[in-house]
Every structure is written in structure tokens, then in C-alpha cells.
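Chains as they are written, first to last, in the working numbering: chain A, 1 to 574; chain B, 1001 to 1166.
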């Protein structure tokens, strides 16, 4: 990285438009806005000092990472926060603007519900952050050894299986963790996820802290707290540290956990520095004693007031739904006459808690496109469709798709037409072709193997939609290296790229899941070459089809018959 | 030597006594104000209490703060080590000293103390900073005012923002 370049002049301003924040999402007040504005100025100064050589590369690295900026294989990569995956059409338009103005016209949605840009120039990053701040966005703590973006159920607030909307607590945690002075230099990154539903669409049990809204025997709603989950090189499932935590103690308890971790977590080896290693080495009982002792110091000092919970909840109150929406059944007629629409309706939409409405998955898994990628034009289109059909709100999902959460059923057909036209209606949600995939060797300097082209090879094997649907729900997750950004360890089928003497090989695991409880996948056997991956996945699917009994999904069959029949088939020729 | 104290550059008179491994004993202590390693305090507490100058203690980032807490009243300064700016333990040690043990004396950051960490250190409870030799001390003063909003409680702010929002 040249240090002689001058910092770019304050860039051409984004065409000014009023930032209309939407009911249904958190809206900044003067304090929230001042923080992101001041953060931009601070980072502009830091970048300037780096470019003039005043600030060393190592010191700048820690600072830029805490603003989401990596220096990657080909160019810097900037990861922008989408707190708990909820954003507005105006914010999406700004992302499209950034893709056009500072990047190569596309972005990549991640499993942390954030978006990454792979080609910005370092000296333009302060301008990008300023543009983001103008629409109440930022890149704060999207990387670095600090508390990262809190993630949640992408169907929060509209899912039928929800006990309570987790998003107010996500926002409260966002504020508590943002620029927390004590926790900016933790041993390693720290991830928190929350769910309020019975099905865990946020994979909370593979997070450093997982929070699950539960009701206790007396009827009170609070949090079940798990700790020590995580993927990466040493995948582990989180264990319950506290079966029920009253809401008023949420922040003091989080603070106690993170403080114990900050003081006791290993700092001598970055591969052993996550909290899961600390919890495993101490044992949960000892770890719990340390946390509860620490909690005793602050539990009465840091109370989360009900008034604050109520204030934040007002931002997430249900939208003014149309009581007549259920009487409009035009979508049924269209579905009878159009197989493509009917398929999409069945696979890419989901039940809404309000009759007459459906939630819609906007698929970012078109064949031949890297999973999670989206162009600037598609971003603009999704923004427009969100305005027209879904209250101007968009969600990003752990599975690297988008969601329009509040669509009237009578308007599904024209929405589908627009999505279909622009490659955003691939009707494969929940199927093997809806895979999670990291950027791999093509973009990431950590990767050992490419993942995007392998994803493409697999998707081509399952092009036949009837066959794909017959296979039902199969969660395939593929990471290009042991860091496991695509969470392969909890894939029903997991694929891990490894480097063997300069060649790309792929290690398969089967039977991982995290949708209710969680379990790590079991290793199938020796790694296979790149050419063999799609074959192996196809053979695995064959075994399932042959062995399943009525009503069984892939994961059920796997749990019943075990890994051996799959091993015998995949390695039959050896 | 110049340090920053309460956001001002001042001339500092305190002398650091190196760690015991360097063969230091209480017999060879200089006169005047001294900051001794915690290990020396543990071994030679009685002699150190006879020292005529001011007394401070220096903790490494892996020390358990509970061990020093009963003795805090003897020290005018507690110095906390940053072996690397990436080692964040002393932020939590400072927090414990200020908020749990009620320490009100000088809390001094020593070691790899750099401009861009000063604001967080101050929030955690530090009021004095021995700035790393690689830094410009005048420029370091600019670090404190960069972020004016504090969402969360810390040693410098007893109330979370949600109790202070206008």
C-alpha cells in the first residue's frame, strides 16, 4: 500500500435526497447521528495520518478493521453494518450509489447480514462512510477484535412462531456495544445473536453469546443465555450459562460475560482466543461462577429500564396492515395459470402472522452468480419494490438472501414479475441450491480454495427443479478455508476448501444443523478434488432419496441411518 | 519526561522502578517519588511503606486486580501496563479499580500507549498517560474530543445514554 498518495478531495456529494426513515425500523436521534458523524471525521483523520506515514500500518490496521476495512488480495474490502439485517429503501439506494461510485457495480451480502464491497480505494473510504452516515448507516465494528453486529431472525416481527420480537433488544445491544470503551481490544472478535422464535433462524447456538427469548414458569419473558458457541477452526456448540435472565439485567449480564472474557481469554494464539476456548478449558461450571461473581458487581448499577425497552419497541410496532388484504385472492388465479409464478409462490414466500400478507424471499442465488452478490441496478430495483409493496423495508438474511417482509398477497404477482425479470426470483429457497458460500480464493486473502465456481458446479447438477424440490430442505454451506465464514460445520452438507501442496481440495461433512438445537457435521472421509465435489454431492443426494422413508427430510434420514451409507457411496470406487 | 495528565501536558517527576527480574531490591531504591512493580510491593511491603517519597504501583495486564485491592490506599498512582496496544485487559482492570474498588487516585497508562486508544482509556478510568516515544504528545491531545456521545456507562459516565437523552 503506497503511503505517498494524497487523500482524495472531499468527493462529489451523493445527489441529496431527504433521508426518509421508515416506521418499522429504528430512527436515529441527534445522539445516534452525532456518533456516526464524529466517527467519520475520526476515521478521515486516521486515514490521512496513515497515508502521510504518521500512523504505522500495524496501528492503522486495528483502527481500520474496527471500521470494517480490510486490505485484501486484490483491493481493500469494506464491510458495512446492517444492524440485525434491517434497512430501508433509501439505505439500499445509498448502497447502490456506493457500488456504482466507488466499486465495480456490485456488493456481496454476508452471513452476518452485512454487505461487503470488494473494490473501494482506501483513500475514498472516508467519503463512503460519510455517505453512509447521511442515511444513518456506518461500518462501525464490522471487523476487528470487538463486539460485532448483533444478528437476528430475518423474519423477526412477522414470523408466526415468534414469542416476542427480538429487534428492540438487538438495537439496545447495538447501542450498548457501539464504541464500548472497555471492549475494543478483546482477545478476538465477539458475536451475539438473538432469536425470539421457536425455530432458530439466527443460529444462536454457534455464537459467542446466543440469546433466546423464552417464557419462564411464572409467565415472564426473558432470555435463555448460551455462551461459547462458534465456528471457525474449532467449531463448538454454545452451552447454556443461564436458563432465564430477566430483561432488566440484559446489559449487566452481557457486560459481565465480556469482561471475564476480556481478562481471561487467551491472547497468545489467535486460533485459541475465542471465548469458546476459554469456556471449554475452564468448564462451564467454573466459567459461570466467574461470570456470576462479576455480575454481582454491576447488576444493580446497570439496569435496563422498562422505559427504554418501551421506547425502542415503539420503532418496531406492527405496520398498519390492511384488514381487507385477505379478500384479494388474485395471486391464486395467476398461480393456476403460470407454473413459474406458482413455484416461486410455493418456495420463495412464507406465511405471515397477518392473514392476507406474505413474506417474500428475494433470492440472491441465481445460477452462475456468486451467492449473496447483487448489482447496483438490482439494489435500486429492490428499493423500488420495497417502496411499492413492502412499506419501504428490506431485510438481509443469514442465508445471504433478502426479504420483503410485508407484501399483500394480492400484489405478489406483479412483484414476482419484476423480480423474475431481473434474476431475483430463483425459486430455490431452502433447497440445496440456496447454498451459503463465502467469497473464497477469488476475493479473500485467507482462503485456501475457491468456492464460487464450485457452488456453480453444484448448482448445475440440480438444475432440474422437480428433482431439486423432491430433495426438500437441504442446507449446503461452503467455506473456502478453515475460518468457516460460510458456517460449513453446521451445514446439512458442509464443504470446506483446503490447500494440499498448492492444490484445492474439499472436505465434506454431513449432518450439521443449528435450526433448533445444534450439532456439528461429521467428517465424511478424505477430501475430494475440485472436479469431484459436485459428483459427491449428487451421490449424497442419491443415498438420501433411496433411503428416506415417508416425510423424512435429509437431516432426518441422516440422523436415522448415520454417515456410513453416504461414505460407502461417495468413496465406492476407491 | 512529559506525560499527559487530565488532558494537559505536564512534566512528570515519578521514577519507574524496573521489574524484580532486573535485580532491584529496596536497598537500591532512589529517593523521591517512585512507581514500583507489584512483585516488589508483594515481597518488600514493609520497607516500601518506610519510603520517604511518593509511592505508586505498576501492574502487568495479567495481574488479578483483586490481589492489589486491599492495599490501594497506600498508592498515589496505580500504573497499568499495555504491553501492546492490542492487549485490552487493562481497560477492564481500570474499570474494576474505578467502579468496583472505588480507587480515586491517579490511574496511569504505561507501555505501548498510542494516540488512537487514549479516548477509550480515559473512558475506562485512566487520567494519566505515558505516551509511547513513537507518538507526538501534542498531537495525542487531539484524541480526547473526537467522539462526544457515550452510549454506555463507564468510569467517566455513570448513566447510560437512555437515562440522559433529551
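In this text, a Cβ means the ideal position worked out from N, Cα and C, and glycines have one as well.
When DSSP states are grouped into helix, strand and coil, residue 1153 of chain B belongs to the coil group. At a Cβ-Cβ threshold of 8 Å, residue 349 of chain A and residue 362 of chain A do not count as neighbours.
As the crow flies, the alpha-carbon of residue 1164 of chain B is around 30 Å from that of residue 114 of chain A. Counting C-beta pairs with one atom in each stretch, the segment 322 to 335 of chain A and the segment 382 to 400 of chain A have fewer than three that are closer than 8 Å, which means they do not touch.
For residue 1144 of chain B, there are no C-beta contacts with chain A under 9 Å, since the nearest C-beta of that chain is about 12 Å from it.
The segment 532 to 542 of chain A makes no contact with the segment 247 to 262 of chain A; the number of CB pairs closer than 8 Å stays below 3. Counting only unbroken stretches of 3 or more residues, the beta strand (DSSP E) elements lying wholly within the segment 1047 to 1105 of chain B are 1055 to 1059 and 1077 to 1082, in sequence order. Ranked by Cα distance from residue 84 of chain A, the options A/58, A/95, A/112 and A/94 are led by A/112. Cβ contact annotation for residue 1072 of chain B (same chain, cutoff 8 Å, sequence separation greater than five): 1078, 1097, 1101, 1103 and 1105, in chain order. Residue 504 of chain A is a Cβ neighbour of residue 497 of chain A, given a cutoff of 8 Å. Secondary structure of residue 87 of chain A (DSSP, three-state): strand. Between residue 1107 of chain B and residue 1140 of chain B, the CB-CB gap reaches or exceeds 8 Å.
Taking all protein chains in view, the Cβ of residue 1158 of chain B is surrounded by fewer than 16 other Cβ atoms within 10 Å, so the residue is classified as exposed. In this structure, residue 347 of chain A lies away from residue 406 of chain A, with their beta-carbon atoms at least 8 Å apart. Taken in chain order, the segment 475 to 505 of chain A contains no complete alpha helix (DSSP H) segment of 4 residues or longer. Going by beta carbons, residue 182 of chain A and residue 1124 of chain B fall inside the 8 Å limit. With respect to the C-alpha of residue 1087 of chain B, the residue from A/268, A/217, A/308 and A/542 having the closest C-alpha is A/268.
Using a Cβ-Cβ cut-off of 8 Å, residue 321 of chain A does not count as an interface residue toward chain B, since no Cβ of chain B sits closer than that to its own. DSSP places residue 351 of chain A within a strand segment (E or B) once states are collapsed to three. What residue 305 of chain A touches in chain B, judged by beta-carbon distance under 9 Å, is 1160, 1162 and 1163, going in chain order. Among the residues of the segment 290 to 305 of chain A, those with a Cβ less than 7 Å away from any Cβ of chain B are 297, 302 and 305, in the order of the chain. Between residue 109 of chain A and residue 418 of chain A the beta-carbon gap is near 19 Å, outside 8 Å, which marks them as no contact. Against chain A, a Cβ distance below 7 Å from residue 1088 of chain B picks out 184, 185, 186 and 262.
For residue 106 of chain A, the uninterrupted beta strand (DSSP E) run begins and ends at 106 to 109, by DSSP. Residue 482 of chain A is classed as buried because its beta carbon has at least 16 other beta carbons within 10 Å across all chains shown. The segment 92 to 109 of chain A makes contact with the segment 126 to 135 of chain A; the number of CB pairs closer than 8 Å reaches 3 or more. Against chain B, a Cβ distance below 7 Å from residue 416 of chain A picks out nothing, because the smallest value is about 42 Å. Rounded to the nearest whole angstrom, the C-alpha separation of residue 287 of chain A and residue 210 of chain A is 16 Å.
When DSSP reads this structure, residue 236 of chain A sits in a beta bridge with A/230.
Contact between residue 459 of chain A and residue 433 of chain A is confirmed by a C-beta separation of about 5 Å, below the 8 Å threshold.
Excluding its 5 nearest sequence neighbours in each direction, residue 1056 of chain B has C-beta neighbours in its own chain below 8 Å: 1014, 1033, 1034, 1035, 1036, 1075, 1076, 1077, 1078, 1079, 1106 and 1108, listed in chain order. Note on the segment 379 to 449 of chain A: whole alpha helix (DSSP H) runs with a minimum of 4 residues are 412 to 421, in chain order.
Within the same chain, 544, 547 and 548 come within 6 Å of residue 557 of chain A by CB-CB distance, once the 5 residues on both sides are set aside.
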